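Heads up: take any position in the sequence shown, counting from 1, add 4, and you land on the numbering used here. In this text, a Cβ means the ideal position worked out from N, Cα and C, and glycines have one as well. Since this is a predicted model, take the numbers as computed values, not measurements.
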Amino acid sequence: MSVAKRTGTRILDGESVSAGERLLYAIGRLLVYGPLKNTLGFSRIQMAYTAGESISPELFDFYRSLGINLKQLYGQTEASVLVTIQPDGEVRSDSVGVAAPDVEIEISDGGEVLYRSPGVFLEYYKNPEATAKTKTEEGLGVHTGDAGYFDKEGYLKNYGTGASGCG
């Protein structure tokens, strides 16, 4: 598995990998990673997505080391679409990615993730109080109740619902 950890994600991300490393990975895929993927029921999966609560970086890296192009996504029903994406070559195990096209994300002073996009819901059905609580003051954005921050490269790190007193 050390070859898979060292080489698998680099291959998925299109990074430079020596012929020797590729050969070792191919042998590992034939003898170890392939049978393991088959046992897990993942023999045909080439790309997969996880959303909701973030999975641990270790588990994320494990699946990617097996050759599964796993990506973490972040979104809400209120968004109608995704809030963040992980483009090919920019996948990180400790992040939910960057803002999806036409989505603006901000972090409030209290650490809450806020977003606005053309797909933001209009209102909750017959529940104006919940709508007022969820939408930002100008009514165009959404309070997620999730805590997060941007790293130096602009990738969103999400701590989940209710974290740090948000939501």
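The Cβ neighbour count for I109, taken over all protein chains shown within 10 Å, is at least 16; the residue is labelled buried.
Within the same chain, and ignoring the five residues on either side of V36 in sequence, the residues whose Cβ sits closer than 8 Å to its Cβ are M5 and A8.
Assigned with DSSP and collapsed to three states, I15 falls in helix.
Shown here, Y159 sits in coil according to DSSP, grouped into three states, outside any helix or strand.
Spatial neighbours of G123 in its own chain (CB-CB distance under 6 Å, excluding positions within 5 residues in sequence) are listed in chain order as A83, S84 and V85. Taking a 10 Å sphere around the C-beta of S99, we find 16 or more other C-beta atoms and assign the residue as buried. For E57, same chain residues with a beta-carbon under 7 Å away, outside a window of 5 residues either side, are G164 in chain order. Rounded to the nearest whole angstrom, the C-alpha separation of Q90 and E116 is 21 Å. By alpha-carbon distance to I72, the top candidate from Y159, G79 and F64 is F64.
Bounds of the alpha helix (DSSP H) holding F66 are P61 to S69.
For T148, the number of other beta carbons within 10 angstroms of its own is at least 16, and it is reported as buried.
Within the segment 35-104, the runs of beta strand (DSSP E) that reach at least 3 residues and sit entirely inside it are, in chain order, 51-54, 73-76 and 86-89. In this structure, L70 sits near K41, with a CB-CB distance shorter than 8 Å. In the DSSP assignment, R120 falls within the unbroken beta strand (DSSP E) covering E116 to R120. A distance below 6 Å between beta-carbons, with the five flanking residues on each side excluded, links D106 to the following residues of its chain, in chain order: S121 and P122. Judged by DSSP in its simplified three-state form, V7 adopts helix. Linking T13 to F66 through their CA atoms gives a straight-line distance of about 9 Å.
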